[in-house]
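One structure is given here, and the rest of the page talks about it.
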Amino acid sequence: MIAQKGKILLQKSYGYKNFATHVLNDSNTIFQIGSITKQFTAAVILKLQEEGKLSVNNKLHKYFPQFKYAREITIENLLTHTSGIYNYTNDIDAGDSAIVCNPVDKQLALDIMFKHKLDFKPGTQFRYDNSGYYLLGLIIEKVTGKSYEENVRDIIFKPLQMNHSLFDFKHSLDTNIATGYQILNDSIQKVASAWRWDSTVSYAAGGIWSTTSDMYKWAQAIANKKILSASSWKAMLTPHLDKYGYGVYIDSLYGKQTISHGGGIPGFIAYLNYYPGENVTIILLNNQGWFDETLNPVNADVSAIIFHKPYELMRKHTGIKLPDEVLKKYVGQYDFDKKHHVYITLENNQLQIEAPQGGLPRSPLFAEDQNNFYLKILNARIEFIKGASGNTTELIAHYFGKNDVCKKVK
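All the letters of the sequence shown, read from the start, carry residue numbers 43 to 452 under the numbering used here.
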């Protein structure tokens with residue numbers, strides 16, 4: 043769904059809700075939104091602060107006195123991913139289908155978190171961490187005497203009439219729920235192992251399921267400052283370390299401020315982006331994906347279309363095989379500036395690209411011809427430039443309407 047100034051520009055569905063039964067996605071299809079859940083959790087915390095039931099400055103010792111480091115950590119540290127607490131989903135993942143597809147006792151998650159030392163001193167670093175938001179869900183339950191789900195429904199879903207959003211507790215019988223796929227195309231349909239994570243597993247960090255229409259109601263609540271007071275919205279939308287507010291990233295794209303967050307879980311990826319200055323909302327929900335996959339490239343290209351910026355067309359890449367003697371010419375370090383480096387390596391006839399300072403993990407490059415390669419996770423084209431001698435001198439990264447030139451240094 044794409045909307046501008048209260049007007050829906052596009053609401054359309056593509057592909058299969060369930061390939062086996064040949065049922066297509068439509069506007070009523072319900073998708074898991076993963077970590078977009080975090081902004082709902084943050085909003086509930088702020089509402090409870092308005093009601094005097096807690097403060098973001100409270101120390102965790104008030105709620106979890108058994109935790110060795112509880113006196114060092116505040117609720118705000120949990121909200122901003124600056125607590126240093128061990129991430130419990132490191133130890134519970136898709137390989138544990140017998141666990142994640144069923145209700146999980148909260149003590150299991152707490153035991154995983156609390157047995158580890160802190161990764162860093164609270165408040166000194168940002169490290170994305172599902173544990174913080176899991177604990178926020180438990181705090182919500184402790185101070186209200188109601189379940190996390192009830193609080194989200196009473197404070198957000200019901201007032202906004204988000205009637206098609208739900209928590210999938212083993213398991214909803216709603217026929218609108220999409221099947222999640224790890225791979226879904228014309229030739230391969232691989233249902234994600236453990237595709238329906240029980241909402242007790244991802245809980246307040248990622249347990250909500252929703253539709254584009256319901257998510258738009260939430261985006262309008264952000265735009266029109268509903269549910270919360272002006273001061274609470276200001277707190278939620280104030281960036282801390284790594285441009286993270288409370289449950290949202292406060293960043294910019296094409297020179298325009300964004301309020302955004304993505305979600306990735308076996309079988310589903312999601313993205314919500316709101317441009318406050320332009321009153322533009324982009325909502326992307328997909329029932330094909332995995333951890334760490336992202337819809338950022340689609341968001342960037344859709345944004346480019348809206349704002350009349352250049353963009354790389356989304357297209358099906360076939361790729362070609364090149365011999366190692368050709369690929370070896372591209373291996374090396376390329377510098378964008380003194381602080382930002384791109385590394386090209388070759389392993390098993392496959393070029394890999396990595397840009398640690400730019401947040402790009404090691405990822406495969408696929409050849410379109412001898413000079414142009416594509417990067418699937420960013421919808422980016424990497425163009426290698428050769429000098430008069432035939433040796434590679436630089437690369438140009440074409441992505442998000444940018445053309446970043448990086449000089450080869452070694």
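Note that beta-carbon positions come from the ideal geometry of N, C-alpha and C, so glycine has one too.
Note that the coordinates shown come from a computational prediction; the quantities given were computed from them, not determined experimentally.
- DSSP, read as helix, strand or coil, puts A62 in coil.
- Between the C-alpha atoms of E335 and D240 there is a straight-line separation of about 20 Å.
- As a beta-bridge residue in DSSP terms, V233 pairs with Y223.
- Counting the other Cβ atoms within 10 Å of the Cβ of V451 gives fewer than 16, which makes it exposed.
- The three-state reading of DSSP puts K285 in helix, counting H, G and I together.
- Under the three-state reduction of DSSP output, Q81 falls in the helix class.
- One thing to note: Q53 has its Cβ no nearer than 8 Å to the Cβ of T300.
- Relative to the Cα of D228, the nearest Cα in the group H64, K89, R169 belongs to H64.
- For R113, the closest of N99, Q392, K259 by C-alpha to C-alpha distance is N99.
- Taking a C-beta distance under 8 Å as the contact criterion, M257 and L314 qualify as a contact pair.
- Distances from the alpha-carbon of G126 to those of H158, Q91, D153, F162 put F162 closest.
- The beta-bridge partner set that DSSP reports for Y385 consists of Q375, E396.
- Where K449 is concerned, the enclosing beta strand (DSSP E) starts and stops at 444-450.
- Taking a C-beta distance under 8 Å as the contact criterion, G222 and G305 do not qualify as a contact pair.
- With contacts defined as CB atoms closer than 8 Å, Y176 and Y128 fail to qualify as a contacting pair.
- Residue environment for T242: buried (at least 16 other C-beta atoms within 10 angstroms of its C-beta).
- By the neighbour-count criterion, in which 16 or more other beta carbons inside 10 Å mark a residue as buried, I362 falls on the exposed side.
- The Cβ atoms of I154 and V142 lie no closer than 8 Å to each other.
- Two segments are said to touch when three or more pairs of C-beta atoms, one from each, lie closer than 8 Å; by this definition the stretch 343-358 does not touch the stretch 367-377.
- For T186, the enclosing alpha helix (DSSP H) begins and ends at 172-186.
- L437 places its beta carbon less than 8 Å from that of F426.
- A distance below 8 Å separates the beta carbons of I75 and I250.
- Within its own chain, the residues whose Cβ lies closer than 6 Å to the Cβ of D343, once the five positions on either side in sequence are excluded, are Y353, listed in chain order.
- Put simply, the backbone Cα of L226 is about 45 Å away from that of L96.
- Going by C-alpha positions, A234 is about 16 Å away from A312.
- If you look at E93, you'll find it isn't in any beta strand (DSSP E); DSSP assigns it neither H nor E.
- Contact between I269 and K89 is confirmed by a C-beta separation of about 7 Å, below the 8 Å threshold.
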